[in-house]
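Student: Sharing a structure below in structure tokens format, with a few things to ask.
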Amino acid sequence: MTKKYSQLLKKMKEKGKVAIAFSGGIDSTLVAYAAKQAGIDALLITLTSPLFPSYDAKKAKEIARELGIRHIFISHSLDANIAKNDVKRCYYCKMHEAKIWKEVAKKNGFNIVADGANFDDLKDERRPGTKASSKEGIWHPLAEVKITKEDVRNIAKKIGLKIWNKPSNACLASRIAYGEEITEKKLQMVEEAENFLRNISPQIRVRLHRSIARIEVPVEKMNKVLKAKKEIVAHLKKLGFVYITLDLEGYRSGSMHEEMMGLEKI
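Counted from 1, the sequence shown has number 63 at position 64 by numbering that gives the first Met the number 0; the numbering is strictly sequential.
This is how it looks when you write it as structure tokens:
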């Protein structure tokens, strides 16, 4: 057991009772596992909306069942401030979600809501959502004991969490270019495209630029995409994409920010 994880358990015990914003990702799963190991009363809250992939919702349910922690799903609609998709989208989204987490937690007898934000997230300027949740009083236990993203995976592996190497994911809104309105139809197109491509690589992104699908996979998986290009093109066109492209830079987190940074330099 690492020093940081021991500190995390201590913090959990001090709180005594915690509701956890649970996506089923490695970060929130580590927080949930720590709450379980600390022996405190915990409640997992998963918010579902058109932004949250159904694949991830299914996995969250499975993980919660394995952990043996009470788990509830709360459905909410696509907020207008999020749908307009400007650079503050993540801030509005997390603010909206944080209010729901707190409301649900309070109804179930919990005064503290924790999330899976890690120490790196607090320093990442591309994650304004973390600032929004902090403003709403959401507790970041991983960040508080300075657990980084790398620490999360190392700790998860040491304590035996099966998803220690699960690829990171983000809401489906991150697949749509800034300034382009987010609709349920577009989100559905992206989700179905990624589900189709997931057998090629678990780490897959289909970015939507108007009618263009920009596929991101790790560089070493590109040949698999090219070998299946006929099937991929046919399926994605059927979903509504007009142009199907493969990003030669490969998969990378937050690539939609690159366009915004490029425009700022012009």
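Glycine is no exception: its CB is placed at the ideal position from the N, C-alpha and C atoms.
(1) Where do the ends of the alpha helix (DSSP H) carrying Ser-5 lie?
(2) Measuring alpha carbon to alpha carbon, tell me which residue in Ser-48, Glu-135, Leu-141, His-75 is nearest Tyr-4.
(3) Roughly how many angstroms separate the alpha carbons of Glu-96 and Lys-237, rounded to a whole number?
(4) Quick one, which of Ala-33, Ala-113, Ala-79 has its alpha-carbon nearest Ile-181's?
(5) Within its chain, find whatever has a CB closer than 6 Å to the CB of Phe-195; leave out the 5 residues flanking it on each side and keep chain order.
(6) Taking the C-alpha atoms as reference points, what is the distance between Glu-13 and Lys-60?
(7) Quick one: residues in its chain with C-beta nearer than 8 Å to the C-beta of Ile-265, no 5 flanking neighbours on either side, listed in chain order?
(8) Assuming Leu-245 and Ile-214 make a contact with CB atoms under 8 Å, what is their CB distance in whole Å?
(9) Which value, in whole angstroms, describes the spacing of the CA atoms of Leu-186 and Met-255?
(10) Per DSSP, which one or two residues make a beta bridge with Trp-138?
(11) Does any heavy atom of the ligand GDP sit closer than 7 Å to the C-beta of His-234?
Tutor: According to the data block:
(1) Where Ser-5 is concerned, the enclosing alpha helix (DSSP H) stretches over 2 to 14.
(2) Nearest C-alpha to Tyr-4: Leu-141.
(3) Note on geometry: alpha-carbon atoms of Glu-96 and Lys-237 lie some 33 Å from one another.
(4) Ranking Ala-33, Ala-113, Ala-79 by Cα distance to Ile-181 puts Ala-79 first.
(5) Non-local C-beta neighbours of Phe-195 in its own chain, meaning closer than 6 Å and more than five positions away in sequence, comprise His-234, ordered along the chain.
(6) Their Cα atoms are separated by approximately 27 Å.
(7) Residue confidence is low: Ile-265 scores 39 on pLDDT, short of 50, so the model does not pin down where it sits. Its coordinate-derived value is still stated next. Correct list: empty, nothing qualifies.
(8) Sure, about 5 Å apart at Cβ, within 8 Å.
(9) The straight-line gap from Cα to Cα measures roughly 15 Å.
(10) When DSSP reads this structure, Trp-138 sits in a beta bridge with Ala-113.
(11) As for the ligand GDP, it is missing from this structure, which has no ligand bound.
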